[in-house]
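Take the sequence shown: its letter number 26 is residue 26 in my numbering, and every next letter is one higher.
Each remark here refers to the structure printed beneath this line.
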Amino acid sequence: MKKLSLGPNIGNSGRSSAGDDEDDEASKEAIASYQAREEEIERRKMEVRRRLESQLNRAEEEAKRLTQVWEELEVFTDPMRKEVNNVRRRLEVATRDLKSLAQICQKKEKEYKEALETFQEKSNERAQLTTALVEMVDQSEKFRMKKLEELSKIVNLKA
C-alpha cells in the first residue's frame, strides 16, 4: 500500500514541528491499520460468500439428484404416475402463465382507468374553458354593440 506524504508541517515560526510529524505518523498508521482491517473484513466476507455459493450449488445438485431418484421410484409404484406428473407439471406451467397474465391484465386495467380518469378530467376542463370562452365572447359582443350604439348616437346628434 502506498503511503501519501503530506510534507513537513511548518508552524507559524516557519520551522517543522516534531509533534506534528509524530501526529501525522500516528494518523498514517491509524489509517493504514484501518485499511488493513477493512481489507481483512472484505477478504473474509468474500470467502464466506464463496463457501456459501459452493454449499448452495451442492444443495441444488443434491436436490436435482433426489428428484430424479424420486421420479424413478414413483415409476415403479404406479405406471400412471409418470403421466400424472407430466400433467401436473403442465398444470403448474399453465397456472404460472395464468398468474402472470392476470398481473398484466390488472396492470393494463389500472392504466386504462387512469387514462380514462385523465380523459374525463381534461374533457371537464375543456368544457369549462369552452363555457368561459363563450361568456367572454358574449360580453365582448355586448360591449362592442354598446360602443357602436354610443358612436351611432354621437354621429346622429352631429348630423
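Built from N, CA and C at the ideal position, the CB exists for glycine as well.
Express the C-alpha separation of residue j and residue i in angstroms, rounding to a whole number.
i    : j    : result
E149 : L133 : 24 Å
V84  : L91  : 10 Å
F76  : L52  : 36 Å
E114 : E40  : 53 Å
A30  : E111 : 57 Å
K99  : K107 : 12 Å
R49  : F119 : 53 Å
S123 : L129 : 10 Å
Q68  : L116 : 53 Å
Q35  : D20  : 22 Å
W70  : A63  : 10 Å
S33  : I104 : 54 Å
M136 : K147 : 16 Å
E47  : R37  : 15 Å
D138 : L101 : 54 Å
R44  : V93  : 41 Å
Does the Cβ-Cβ distance between residue i and residue j come in under 8 Å?
i   : j   : result
E74 : R81 : yes
With a floor of 3 residues, list each beta strand (DSSP E) that falls wholly inside the stretch 43 to 120, ordered by position along the chain. none
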